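Take a look at the structure below.
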Amino acid sequence: MNARLDTFSYDDDIVRKFLFATIIFGLVGFLVGLIVALQLANPAFNFGPILTFGRLRPLHTNAVIFAFAGNAWFCGAYYSTQRLLKTRMWSDGLSKFHFWGWQAIIVAAAITLPLGYTQAKEYAELEWPIDIAIAVVWVAFAINYFMTLSKRRERHIYVAIWFFIASIITVAVLHIFNNLSIPVGPLKSYSIYAGVQDAFMQWWYGHNAVAFFLTTPFLGLMYYFMPKAAERPVFSYKLSILHFWSLVFLYIWAGPHHLHYTALPDWASTLGMVFSVMLIAPSWGGMINGLLTLRGAWHKVVEEPVLKFFVLAVTAYGMSTFEGPMLSIKSVNALAHYTDWIIAHVHTGALGWNGFLTFGMIYWLAPRLFQTQLYSKKLAETHFWVSTFGILLYVASIYSAGITQGLMWRAFDETGRLQFPDFIETTMRLMPMYWVRVAGGTLFIIGALIFAYNILMTWRRRPAAYEVQVVTAAPLSAQPAPHHAPASGGAFARFIGMGWHRKWEAAPLLFTVMVVVAVLVASLFEIIPTFLIKSNVPTIANVKPYTPLELAGRDLYIREGCFNCHSQMIRPFRYETERYGDYSKPGESVYDHPFLWGSRRIGPDLAREGGKYPALWHVRHMEDPRSLSPKSIMPAYPSLLTNPIDFGGIQKRVDAMAMLGVPYGEAVNKAEQMARDQAQAVATDVQKNGGPAGLQDKEITALVAYLQRLGTDIKKPAGVAVAPVPAKAGGN
Amino acid sequence: MRSLADVVGASGLSGYAIVALILFFLAFVAVAINLLLPSRSALYERAGRMPLDDLNPQTPREP
């Protein structure tokens, strides 16, 4: 027994910093969400070229995920970790570096995304210098966190911290591997992966970003703050451990369910579905564990707004994690994929689970951190009801919109033809629901403003100087006491009696290694075959790299965020092939760095767009979509007709593609001249058909060249020949 | 010369996903058994109370 006693205090200043950042960036993220909702209801809310839907939508998702939810996680983690380990953070300097570094990254995202700098990967849009900054800040956070664990004064590591450890480790792995790219400029890069492999990597990342940024860290917060608020221990600590390991074992496999019926190999898609369906068990185990923590305390829910927020958050978690496995079932996914149903699903989780857990946590934290009473319990109650009603309006309307969309896309009339062949018909049907969503989102934001006001007023009541509480605790002995295995009773009895899991629980390094093994093994068994077994991506002899001008046009397509509304992936269903053309093949996107399959169809699929309309149609359509399609909700891009093409930068981009294994041949030496020649031909064609003159050096010409190329290779007369080629470093 | 893709492609790797799945399942069962032992109940009950006290380490202390 150690007789020495240490005295120390917790660093609450860092918690307060993250608390304010959560509120500020939460409001920004919600507001941008409202703007993009308005843009879908009425295109007049697009203010190009910077404030268009394609550029703002990633800003909304990044702000809500990484700025609001991220800061909320860090806020709760810094508060709970110190108290659960009975120690101060290892380094106040690293804590501050984490805080300011993370906020700088958020500001960089808020500047670069509207300017069109994007990698075109959902939730991983930020360009390579910011990705490096994220890695550096994350390493600082991890070092500080693990060093804090090493100097703890509690032997047992509480389960909330397991969730934080798994999240820190897994987010690092996901971030590094999904963002591997070749820079071609200060804020431009190409993914080293292409087509099917890039899609696989992206959704391995995308799904697990939801899992390990929005789910597991918030479960950690739930397991700490719910017992705090209810003033009773978690219903079953054993269940929380099962919850943890089963999530870690299962989650990492589930990503491919985002790619059902695409060009992804079927085995990977099925594997993702099976693991996703299994996820319902631990998720509901966790939900039940959270709700039953309130056993015997439900009367407090009536009186205490904090508990109201927690109950709704955990209920939303249960609903989302029931719906997620259901959506991963292929037949359900066939209806839901690309529709607003997915948006409704995501918002049940983001607004209900992440949002309300954060609100509840901050209402609980604010009086303790500011050492005063909450300014108004009544305002907190008002916030709860206003935002709850807002969520209900939001999800009810968007579920209806999604299902309507899915059913209309697949409807045939009695003659066997598409009942709604014009895509715009399906869009117009959604307009009332889009306005209801705006109303729901507005209510949610009003609630958030009430929340911000309440916390601000609480902060204003703080004492002149915060009282620093001094804690006294004995340090741990250098080595844990050995656990004695039973001497008899057979091998099985000795195995289960060894207490090896207890050793893991008290050894953060070993525990972390086990988590890493679970995550990596699952990842590698899905990723390696997809990357290295040639039969998964049969190449097509006719498919050639984009010309230098088309590549430049593709980069403009990425800059404007067209992939946020238009997919390039026709699924093998009759209702899709009737509407768009032949279904997409894996070999068609082998030169696509990055892939642009998209995940949503606010507008029609563009995989076979090439040659459907003359070049002049595209020029007119981009300049003013409503001149050709009066009800279109697409933003106008008149600046494309005046902005010059960056011919000087094309060679470098072609060279980068060649480095990634794209067989560019003669373009490696004369990309710029080839681009100028093709631009002249496109501009001449536009002018000959009555369009404006002088477009040969304007961005619109490059974009039109790209759009006119889409899906045309496979239509060429030579036919389709399956000819495996050696895999390149980039995974082609 | 055979590339890595040739080697991996010929190795029938997709079957190993099943092996990994079985190993994961066995590990999970082992954790569950270890966890549900009646002898662990007192330990976990105490651990479950950890969030309720910010100032004092749990007692009796694990050395």
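For the protein sequence lines, the chains are E and R, in the order given. At position 616 of the first sequence (counting the first as 1) the number is 616 in my numbering, and the numbers step up by one without a gap. The number in my numbering is simply the position in the second sequence, starting from 1, with 732 added. Idealized CB from N, CA, C, for every residue including glycine. For clarity, every value in this text was computed on a predicted model and none was experimentally measured.
Grab me the residues of residue i's own chain with a C-beta within less than 7 Å of its C-beta, minus the 5 sequence neighbours each way, in chain order.
i	result
Tyr158 of chain E	Leu84
Gly682 of chain E	Going by the sequence as given, residue 682 of chain E is Val instead of Gly. Correct list, in chain order: Ala615, Thr701, Val704, Ala705.
Leu94 of chain E	Ala140, Ile143, Asn144
Phe87 of chain E	Going by the sequence as given, residue 87 of chain E is Thr instead of Phe. Around Thr87 of chain E: Phe8, Thr148, Lys151, Arg152, Arg153.
Leu784 of chain R	none
Ser523 of chain E	Trp204, Ile252
Val725 of chain E	For Val725 of chain E, the predicted model reports a pLDDT of 40, less than 50, meaning its position is unreliable; a value from the coordinates is still stated below. Closer than 7 Å at Cβ, skipping near neighbours: Thr539.
Arg429 of chain E	Thr404, Met408
Ile633 of chain E	Leu40, Pro43, Thr427
Arg782 of chain E	Since the first and last residues shown for chain E are 1 and 732, residue 782 of chain E lies out of range.
Whose C-alpha, out of the options, is nearest the C-alpha of residue i?
i	options	result
Val736 of chain E	E:Val32, E:Ile168, E:Leu327	No answer is possible for residue 736 of chain E: it lies beyond the span of chain E, which begins at 1 and ends at 732.
His243 of chain E	E:Leu271, E:Ile280, E:Tyr261	E:Ile280
Phe356 of chain E	E:Met319, E:Val314, E:Phe370	E:Val314
Pro638 of chain E	E:Leu703, E:Tyr591, E:Phe647	E:Leu703
Leu19 of chain E	E:Val686, E:Leu250, E:Arg368, E:Leu710	E:Arg368
Gly406 of chain E	E:Lys688, E:Thr388, E:Arg600	E:Arg600
Gly691 of chain E	E:Thr442, E:Thr382, E:Gln651, E:Leu641	E:Leu641
Arg232 of chain E	E:Gly93, E:Thr382, E:Leu291, E:Ser400	E:Leu291
Thr736 of chain E	E:Gly76, E:Lys151, E:Trp385	This structure cannot speak to residue 736 of chain E, because chain E is shown only from 1 to 732.
Val537 of chain E	E:Lys96, E:Val28, E:Val196	E:Val196
Arg781 of chain R	E:Gln202, E:Met457, E:Ala21, E:Phe225	E:Phe225
Gly648 of chain E	E:Thr339, E:Glu623, E:Met674	E:Met674
Val519 of chain E	R:Tyr748, R:Val751, R:Phe756	R:Phe756
Phe200 of chain E	E:His257, E:His175, E:Tyr375	E:His257
Asn71 of chain E	E:Met361, E:Gln651, E:Val436, E:Glu125	E:Met361
Tyr575 of chain E	E:Asp11, E:Pro421, E:Gly272, E:Pro463	E:Pro421
Phe384 of chain E	E:Phe275, E:Lys228, E:Val301	E:Val301
Tyr123 of chain E	E:Val171, E:Thr684, E:Ala160, E:Phe163	E:Val171
Leu787 of chain R	E:Ser80, E:Leu707, E:Gly665	E:Ser80
Ala656 of chain E	E:Pro644, E:Leu510, E:Ala671	E:Ala671
Which residues in the same chain have their Cβ closer than 6 Å to the Cβ of residue i, if we skip the five residues on either side of it in sequence?
i	result
Phe141 of chain E	His98
Asn732 of chain E	With a pLDDT of 30 at Asn732 of chain E, under the threshold of 50, the modelled position of this residue cannot be trusted; read the value that follows with caution. So the qualifying residues of the chain are Ala194, Val590, Gly661.
Tyr317 of chain E	Met287, Trp353
Ser191 of chain E	Ser181, Asp198, His593, Pro594
Ala120 of chain E	Ile558, Phe563, Pro594
Val722 of chain E	Any reading at Val722 of chain E is ruled out, since the residue's pLDDT is 44, under 50, leaving its predicted position unreliable.
Lys728 of chain E	No answer about Lys728 of chain E holds up, because its pLDDT of 39 lies below 50 and its placement is not dependable.
Met222 of chain E	Gly290
Gly730 of chain E	At Gly730 of chain E the pLDDT is 35, less than 50, meaning the model places this residue with poor confidence and gives no usable figure here.
Gly26 of chain E	Phe68
Ser584 of chain E	Ala263, Met569, Ile570, Ala607
Asp685 of chain E	Ala615
Go through its chain and collect everything with a Cβ distance to residue i's Cβ below 8 Å, but skip five positions before and after it.
i	result
Gly101 of chain E	Ala133, Val136, Val137, Ala140
Leu443 of chain E	Val386, Ser387, Phe389, Gly390, Leu393
Gln419 of chain E	Met408, Ala411, Phe412, Asp413
Pro604 of chain E	Phe423, His566, Arg579, Tyr580
Thinking residue i and residue j are a contact (beta carbons under 8 Å), I'd like their distance in whole angstroms, please.
i	j	result
Met408 of chain E	Thr426 of chain E	4 Å
Ala401 of chain E	Asp340 of chain E	4 Å
Gly610 of chain E	Leu710 of chain E	4 Å
Pro508 of chain E	Ile165 of chain E	7 Å
Pro58 of chain E	Trp128 of chain E	Not quite, the Cβ-Cβ distance comes to about 16 Å (not below 8 Å), so this is no contact.
Glu699 of chain E	Ile645 of chain E	6 Å
Residues of the stretch 232-264 of chain E with Cβ closer than 7 Å to any Cβ of chain R, in chain order: Answer in chain order: Pro233, Val234, Tyr237, Lys238, Ile241, Leu242, Trp245, Ser246, Phe249.
Given 8 Å, three or more beta-carbon pairs between the stretch 615-625 of chain E and the stretch 211-228 of chain E: Too few Cβ pairs lie closer than 8 Å, so no.
Members of the stretch 187-213 of chain E that neighbour chain R once the beta carbon cut-off is set at 7 Å: Considering only beta carbons, no part of the stretch 187-213 of chain E lies closer than 7 Å to chain R.
Contact between the stretch 555-572 of chain E and the stretch 682-697 of chain E (3+ Cβ pairs under 8 Å): no
Near-chain E residues of the stretch 753-777 of chain R (beta-carbon distance less than 9 Å), N- to C-terminal order: Leu753, Leu755, Phe756, Phe757, Ala759, Phe760, Ala762, Val763, Ala764, Ile765, Asn766, Leu767, Leu768, Leu769, Ser771, Arg772, Ser773, Leu775, Tyr776, Glu777
Meets three-Cβ-pair contact criterion under 8 Å: the stretch 605-614 of chain E and the stretch 438-455 of chain E: no
Validate contact between the stretch 324-332 of chain E and the stretch 29-42 of chain E using beta carbons, cut 8 Å, 3 pairs: No, because fewer than three Cβ pairs between the stretch 324-332 of chain E and the stretch 29-42 of chain E fall closer than 8 Å, the two stretches do not touch.
Contact residues within the stretch 64-90 of chain E, judged by C-beta distance below 8 Å to chain R: Ser80, Arg83, Leu84, Lys86
Near-chain R residues of the stretch 139-163 of chain E (beta-carbon distance less than 7 Å), N- to C-terminal order: Arg153, Glu154, Arg155, His156, Tyr158
Cβ-based contacts, 9 Å cut-off: residues of the stretch 515-530 of chain E near chain R: Listed by position, the residues of the stretch 515-530 of chain E near chain R (Cβ gap below 9 Å) are Ala518, Val521, Ala522, Leu524, Phe525, Glu526, Ile528, Pro529.
The stretch 105-122 of chain E in contact with the stretch 55-63 of chain E per 3-pair CB rule at 8 Å: The stretch 105-122 of chain E is in contact with the stretch 55-63 of chain E.
Meets three-Cβ-pair contact criterion under 8 Å: the stretch 301-312 of chain E and the stretch 260-276 of chain E: no
Interface residues of the stretch 570-602 of chain E facing chain R [CB-CB below 8 Å]: none
Members of the stretch 620-646 of chain E near chain R, C-beta cut-off 8 Å: none
Interface positions of the stretch 447-473 of chain E facing chain R (Cβ-Cβ less than 7 Å), listed along the chain: Val471, Ala473
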